[in-house]
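I have placed the structure first, in the form of structure tokens, so that the comments after it can refer back to it.
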Amino acid sequence: MPVNRNPTVRQRRLGRMLREARGAAGKTIAQAAAELDCAESKISRIEAAQSGIRSLDLRALLDFYGVTDQTRRARFQDLARNGRERGWWSQYEGSLNSEYSDLIALEWDASDLYVVETALIPGLLQTPAYTEAVVRTQNPAKSDEDVAAQVKVRGQRRQTFARSTPLRLWAVITEAALKADLGKDVMRDQLESLVSLARETNIQIQVLPSSAAINVALYGPFGILAFPEPVETDIVYRDDLMSIVYYEDPKQVEFYTALFRRLNSEALPVEQSLSIIKEHIKGTD
5 MPVNRNPTVR
15 QRRLGRMLRE
25 ARGAAGKTIA
35 QAAAELDCAE
45 SKISRIEAAQ
55 SGIRSLDLRA
65 LLDFYGVTDQ
75 TRRARFQDLA
85 RNGRERGWWS
95 QYEGSLNSEY
105 SDLIALEWDA
115 SDLYVVETAL
125 IPGLLQTPAY
135 TEAVVRTQNP
145 AKSDEDVAAQ
155 VKVRGQRRQT
165 FARSTPLRLW
175 AVITEAALKA
185 DLGKDVMRDQ
195 LESLVSLARE
205 TNIQIQVLPS
215 SAAINVALYG
225 PFGILAFPEP
235 VETDIVYRDD
245 LMSIVYYEDP
255 KQVEFYTALF
265 RRLNSEALPV
275 EQSLSIIKEH
285 IKGTD
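Under this note's numbering, think of the first position of the sequence shown as 5, with each following residue one higher.
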């Protein structure tokens with residue numbers, strides 16, 4: 005197979021999962037190559053997502069690695085079969101960097117998203133007017149065409165809530181994010197939208213009050229993506245103006261998971277959070 009110089013996020017996940025399965029089985033690249041009667045470089049390319057894998061070879065490797073659970077095997081096969089598939093976001097490649105495209109793809113495959121926002125409303129919960137105001141504030145030089153594309157993409161990301169099995173979102177938002185100076189009308193509509201979205205059973209919103217001491221321990225927004233099958237490890241991402249950084253090392257994931265749990269416990273309960281949001285709505289009148 006030719007070298008893939010632009011792997012999709014699904015292909016990278018498949019490569020990582022195969023590498024982890026090989027490691028768990030105590031097999032070396034040389035042993036895997038011998039099992040397939042191929043060059044070691046082929047196994048390396050597959051694990052690095054630089055090459056696809058044929059169904060026959062995938063089944064052979066899963067057998068060799070002792071992966072017998074049918075649900076796990078089906079997930080490997082699904083990623084291999086649909087790895088090259090690019091989602092709706094691919095049509096915006098000119099307006100999106102690869103890191104943002106990866107985030108959208110991960111959201112689409114995830115079952116749960118735990119997100120912490122320190123200054124803004126989470127992207128999946130933003131109204132179009134709020135998104136536009138944020139984009140224009142962050143980059144005043146951005147063209148109207150690019151702004152419109154960003155707004156459209158942000159809205160289409162909500163398709164994850166319309167799947168047959170909707171994404172479950174748990175958001176912790178600092179109280180400061182409810183006070184952003186983006187215009188009274190924009191903020192009122194955004195906060196009212198939050199109250200409405202919070203009625204959905206798959207969306208939980210908590211507010212971290214400004215008085216909470218843990219605010220000083222927050223270095224910026226982050227999210228934790230969990231996937232439907234246990235074989236897939238959680239992925240943490242940190243988002244800033246310049247880039248999105250991903251963390252997959254178990255210790256890093258554990259650190260952010262513990263931080264989210266602490267924030268979850270120190271934030272206001274859901275009902276009290278809604279009351280705070282409603283209070284801030286009154287402040288926009």
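Note that the Cβ used here is the ideal one computed from N, Cα and C, for glycine as well. For clarity, every value in this text was computed on a predicted model and none was experimentally measured.
Query: Three-state secondary structure assigned by DSSP to residue 106; Result: helix
Query: C-beta contact flag for residue 135 and residue 155 at 8 Å; Result: yes
Query: Where residue 4 sits in the DSSP three-state scheme; Result: Only positions 5 to 289 of the chain appear in the structure, and residue 4 is not among them; the question remains open.
Query: Through-space distance from residue 257 to residue 166, alpha-carbon basis; Result: 28 Å
Query: Best match in 172, 180, 179, 212 for proximity to residue 204 [C-alpha to C-alpha]; Result: 172
Query: Per DSSP, cross-strand counterpart(s) of residue 117; Result: 173, 229
Query: Residue 240, DSSP secondary structure in three states; Result: strand
Query: Whole-number beta carbon distance between residue 34 and residue 44, since they are thought to touch under 8 Å; Result: 6 Å
Query: Residue 212 - containing beta strand (DSSP E), residue span; Result: 207–212
Query: Sub-8 Å separation of residue 191 and residue 122 beta-carbons; Result: no
Query: The stretch 75–89 touching the stretch 51–67, judged by at least three CB pairs closer than 8 Å; Result: yes
Query: Residues bridged to residue 248 (per DSSP); Result: 243
Query: Helix, strand or coil at residue 75 [DSSP, three-state]; Result: helix
Query: Strand pairing of residue 178, partner residues [DSSP]; Result: 212
Query: As assigned by DSSP and simplified to three states, the class of residue 183; Result: helix
Query: Whole-Å CB distance - residue 115 paired with residue 231, under 8 Å assumed; Result: 6 Å
Query: Reduced DSSP category for residue 6 - H, G, I as helix; E, B as strand; rest coil; Result: Low per-residue confidence applies at residue 6: pLDDT is 49, beneath 50, and the placement is therefore not dependable, though the value from the model is reported in the following sentence. Reduced to three states, the DSSP call for residue 6 is coil.
Query: Given 8 Å, three or more beta-carbon pairs between the stretch 167–186 and the stretch 277–288; Result: yes
Query: Among 152, 21, 175, 225, nearest to residue 77 - alpha-carbon criterion; Result: 21
Query: Residue 24 versus 103, 131, 46, 71, residue with shortest Cα-Cα distance; Result: 71
Query: 8 Å Cβ cutoff met for residue 199 and residue 281; Result: yes
Query: Integer-rounded CB distance, given that residue 212 should sit under 8 Å from residue 177; Result: 7 Å
Query: With 16 other Cβ atoms within 10 Å as the buried cut-off, status of residue 55; Result: buried
Query: From 111, 38, 227, 208, residue whose alpha carbon lies closest to that of residue 162; Result: 111
Query: Span separating the alpha-carbon of residue 133 from that of residue 207; Result: 21 Å
Query: Euclidean distance between Cα positions of residue 241 and residue 186; Result: 26 Å
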